[in-house]
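Peer 1:
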Amino acid sequence: MKLLDPRTSGPPIPTLPAGPKPSWLRVPSPASMEVVKLRTLFRQAGLHTVCEEAHCPNIGECFGKGTATFMILGNLCTRACPFCDVEHGKPLPPDPDEPSNLAMTVSLMKLSYVVVTSVDRDDLPDGGATQFAKVIQSLRAKCPDVRIEILVPDFRGCPEMALEILGQTPPDLFNHNIETVPRLYRPVRPGADYRHSLNLLSSYHKKHPGVPLKSGIMLGLGEEKEEVLTVLKDLRESGCSMVTIGQYLPPSRDHLPLRRYVSPKEFMEWEQVGRTLGFDSVASGPLVRSSYHAEETSPCLEK
Ligand code: SF4
Numbered sequence: 171m172k173l174l175d176p177r178t179s180g181p182p183i184p185t186l187p188a189g190p191k192p193s194w195l196r197v198p199s200p201a202s203m204e205v206v207k208l209r210t211l212f213r214q215a216g217l218h219t220v221c222e223e224a225h226c227p228n229i230g231e232c233f234g235k236g237t238a239t240f241m242i243l244g245n246l247c248t249r250a251c252p253f254c255d256v257e258h259g260k261p262l263p264p265d266p267d268e269p270s271n272l273a274m275t276v277s278l279m280k281l282s283y284v285v286v287t288s289v290d291r292d293d294l295p296d297g298g299a300t301q302f303a304k305v306i307q308s309l310r311a312k313c314p315d316v317r318i319e320i321l322v323p324d325f326r327g328c329p330e331m332a333l334e335i336l337g338q339t340p341p342d343l344f345n346h347n348i349e350t351v352p353r354l355y356r357p358v359r360p361g362a363d364y365r366h367s368l369n370l371l372s373s374y375h376k377k378h379p380g381v382p383l384k385s386g387i388m389l390g391l392g393e394e395k396e397e398v399l400t401v402l403k404d405l406r407e408s409g410c411s412m413v414t415i416g417q418y419l420p421p422s423r424d425h426l427p428l429r430r431y432v433s434p435k436e437f438m439e440w441e442q443v444g445r446t447l448g449f450d451s452v453a454s455g456p457l458v459r460s461s462y463h464a465e466e467t468s469p470c471l472e473k
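Going by the numbering used here, the first residue of the sequence shown is number 171, and it counts up by one from there.
Below, the structure is given as C-alpha cells:
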C-alpha cells in the first residue's frame, strides 16, 4: 500500500536528487562594487533588504542596477515558513526612524520605483500596517516622483484594521503573494490561509479599485498544473491584474525540498495562460521573484 505524503495530503512525490542546477538557474556571482556600495549604504541607514535576508539569487543583477527591495519592521519574522530564508524570532518594536531613513536612502539611490515589503509582525496589533503607512508618507514627502509598490504580509488577525490604516495613504501598487496552491498551504505557509489571502486582495481591490493589484506564486513545490490554473483564476477574480510566477529554490537542505525544476518553456506557457486569463502583466520565468524587474513589469503604472 502506498502511503500519502503527510505534508501535502497527496500521493508521495519524489524529492529531487542532489546535483547541479540546470543551466537556466545559474547566475553570476553577486560580488561587485555596486553590491558592496549598496550594502554599505543600507547598513549605515539601519535598513534591511529582502534581497539580502532571503538570499535572493538575483541580488547581483538587481544591486548591480542600483535597485533593491526594502524590508521594513526588522529582519526577524514572527512566522517560520519552511520555504523562506528570512530569520524568525522575537522582533524589536518598530523603528521610528525607519520611514525617514528609507526615504532618504531612496532619494540617494535616485530610484524612480521602490518596492517595500516587511517580515510578518503577528506581535503587533495592526500587523505592521502603521509602519507601512508611515513609510509611504515619508516617501511621498521626500521623493514625490517615486512610484511605490508595497508587498504586504497577510495581516492575519487584523485585516480590517490594516486595510483601514493602509487606505489612508494608498501606494501606486498593492502586492500580496499567494505563494502556492491551497493544498500545499499547510506545509508551505503553516501560519497562513489561502482564502484569507484571497480575501485580503479582493477587499483591498473593492476599497481601492484604482490601485493595481499584484500577486505571485512559486512553482516546483509539488503543485499540479490544474491547481496552478485554479490559483490564477482565483487571483483574477480577486481583482489582480498583475502576477509573478517563479521557480522555488530551497535556500538550504533544512528548507522545504524542491520537487521539480520547471523548464523555461513551461514558464513561457504559464505567461501565455496568464495573458489569456486577462492579466495585464505576467512575469513568468525561472528567476522571477515578486519584485524582480518590478518597475519594467509594471507598465500599467504611468505617472
Ligand atoms: S528580485 Fe527582488 S528580492 Fe531579488 S534581488 Fe531583485 S529586488 Fe531583491
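We treat Cβ as the ideally placed atom computed from N, Cα and C, and that holds for glycine. Values in this document were obtained by computation on a predicted structure and should not be read as measured data.
Under 8 Å from any heavy atom of the ligand SF4, does the C-beta of Tyr355 make it?
Peer 2: Taking the first residue of the sequence shown as 1, we reach residue 355 at position 185. Flag unset: Cβ of Tyr355 not near the ligand SF4.
Peer 1: Drop a sphere of 10 angstroms on the beta-carbon of Val276, count the other beta-carbons inside from all chains shown, and report buried for 16 or more, exposed for fewer.
Peer 2: Locating residue 276 in the sequence shown gives position 106, where the first residue counts as 1. The residue is buried, with at least 16 neighbouring Cβ atoms inside 10 Å.
Peer 1: Could you spell out where the beta strand (DSSP E) holding Lys384 opens and where it closes?
Peer 2: Translated into positions along the sequence shown, residue 384 becomes position 214. That run of the beta strand (DSSP E) goes Leu383 to Leu389.
Peer 1: The beta strand (DSSP E) that contains Gly216, what's its start and end?
Peer 2: In the sequence shown, counting from the first residue as 1, residue 216 sits at position 46. Neither: Gly216 is in no beta strand (DSSP E) and is coded neither H nor E.
Peer 1: Assuming Gly384 contacts Val413 (C-beta within less than 8 Å), just tell me the rounded distance between them.
Peer 2: Translated into positions along the sequence shown, residue 384 becomes position 214. Translated into positions along the sequence shown, residue 413 becomes position 243. Strictly speaking, residue 384 in this sequence is Lys, with Gly absent from that position. Lys384 to Val413, Cβ: 7 Å. Contact.
Peer 1: Out of curiosity, what's the CA-to-CA distance linking Gly154 and Glu439?
Peer 2: The displayed coordinates of the chain run from 171 to 473. Any statement about residue 154 would go beyond what the structure contains.
Peer 1: Per DSSP, what kind of secondary structure is Gly259 in: helix, strand or coil?
Peer 2: Within the sequence shown, the letter at position 89 stands for residue 259. Here Gly259 sits in coil by DSSP.
Peer 1: With a 10 Å radius around its C-beta and 16 neighbouring C-beta atoms as the bar for buried, classify Glu223 as buried or exposed.
Peer 2: The sequence position of residue 223 within the sequence shown is 53, counting from 1. Glu223 comes out buried.
Peer 1: Starting from Val284, trace the beta strand (DSSP E) in both directions and tell me its first and last residue.
Peer 2: Working through the sequence shown from its first residue, we reach residue 284 at position 114. Where Val284 is concerned, the enclosing beta strand (DSSP E) stretches over Tyr283 to Ser288.
Peer 1: Any contact between the segment 333-350 and the segment 287-305? By contact I mean 3 or more CB pairs, one from each, below 8 Å.
Peer 2: The answer is yes - the segment 287-305 touches the segment 333-350, with three or more Cβ pairs under 8 Å.
Peer 1: Ordered along the chain, which non-local residues of its own chain (more than five positions away) have a Cβ less than 6 Å from that of Glu257?
Peer 2: As a working mapping, residue 257 is identified with position 87 in the sequence shown. Here the set comprises Leu246.
Peer 1: With 16 other CB atoms within 10 Å as the buried threshold, where does Gln417 fall?
Peer 2: Counting from 1 along the sequence shown, the entry for residue 417 is found at position 247. So Gln417 counts as buried.
Peer 1: Skipping 5 residues on each side, what residues in its chain have a beta carbon closer than 7 Å to that of Glu349?
Peer 2: In the sequence shown, residue 349 corresponds to position 179, counting from 1. Closer than 7 Å at Cβ, skipping near neighbours: Val358, Arg359, Ile387 and Met388.
Peer 1: On the three-state DSSP scale, how would you describe Cys226?
Peer 2: Walking along the sequence shown from the start, residue 226 turns up at place 56. Looking at Cys226 - three-state DSSP - the assignment turns out to be coil, as it is neither helix nor strand.
Peer 1: What residue range is occupied by the uninterrupted beta strand (DSSP E) comprising Glu319?
Peer 2: Your numbering for residue 319 matches position 149 in the sequence shown. Note, Glu319: beta strand (DSSP E), Arg317 to Leu321.
Peer 1: DSSP on Val232, reduced to helix/strand/coil?
Peer 2: Along the sequence shown, one-based indexing puts residue 232 at 62. Per the sequence presented here, residue 232 reads as Cys, with Val not at that position. Here Cys232 sits in helix by DSSP.
Peer 1: Classify Leu173 as buried or exposed, calling it buried when 16 or more other Cβ atoms lie within 10 Å of its own Cβ.
Peer 2: Against the sequence shown, residue 173 aligns to sequence position 3. Any reading at Leu173 must be qualified, since the residue scores a pLDDT of 36, below 50, and its modelled position is unreliable; the value itself is stated next. Leu173 should be labelled exposed.
Peer 1: Alpha carbon to alpha carbon, how far is Arg459 from Asn228?
Peer 2: Translated into the one-based positions of the sequence shown, residue 459 becomes position 289. Translated into the one-based positions of the sequence shown, residue 228 becomes position 58. About 9 Å.
Peer 1: Just checking my contact of Ser373 with Arg317 at CB under 8 Å: how many whole Å lie between their CB atoms?
Peer 2: Counting from one through the sequence shown, the residue named residue 373 turns up at place 203. Counting from one through the sequence shown, the residue named residue 317 turns up at place 147. Not confirmed; about 23 Å, so no contact.
Peer 1: Cutting at 7 Å between CB atoms, please list the residues of its own chain near Ser408, excluding the five before and the five after it.
Peer 2: Taking the sequence shown and counting its residues from 1, the one referred to as residue 408 is at position 238. Only Leu368, Leu371, Ser372 and His375 meet the Cβ criterion.
Peer 1: Since I believe Ile415 is in contact with Phe437 (beta carbons under 8 Å), could you give me their beta-carbon distance rounded to a whole number of angstroms?
Peer 2: On the sequence shown, position 267 is the one that residue 437 refers to. On the sequence shown, position 245 is the one that residue 415 refers to. Indeed, because the Cβ distance is near 7 Å, the residues count as touching under 8 Å.
Peer 1: Kindly give me the distance between the Cβ atoms of Leu262 and Gly236, rounded to whole angstroms, as I take these residues to be in contact under 8 Å.
Peer 2: By 1-based counting over the sequence shown, the position of residue 262 is 92. By 1-based counting over the sequence shown, the position of residue 236 is 66. At roughly 29 Å, the Cβ-Cβ gap does not stay under 8 Å, so Leu262 and Gly236 are not in contact.
Peer 1: For the ligand SF4, is there a heavy atom less than 8 Å away from the beta-carbon of Asn228?
Peer 2: The residue labelled residue 228 in the question sits at position 58 within the sequence shown. Correct: Asn228 has its Cβ closer than 8 Å to the ligand SF4.
Peer 1: So, under 8 Å CB-CB, Ser308 and Leu272 are touching, yes? Tell me the CB distance rounded to an integer number of Å.
Peer 2: Numbered from 1 along the sequence shown, position 138 holds the residue referred to as residue 308. Numbered from 1 along the sequence shown, position 102 holds the residue referred to as residue 272. About 7 Å separates the two Cβ atoms, so the contact holds.
Peer 1: Going by C-alpha to C-alpha distance, which of Glu465, Asn345, Glu334 and Met274 sits closest to Pro314?
Peer 2: Position 144 of the sequence shown holds residue 314. When only C-alpha atoms are compared, the closest one is Met274.
Peer 1: Suppose you measure from the CA of Cys251 to the CA of Gly361; what does that come to, to the nearest Å?
Peer 2: Translated into the one-based positions of the sequence shown, residue 251 becomes position 81. Translated into the one-based positions of the sequence shown, residue 361 becomes position 191. Each residue's Cα considered, the two are about 8 Å apart.
Peer 1: Would DSSP call Ser372 helix, strand or coil?
Peer 2: On the sequence shown, residue 372 is found 202 positions in, with the first residue counted as 1. Helix.
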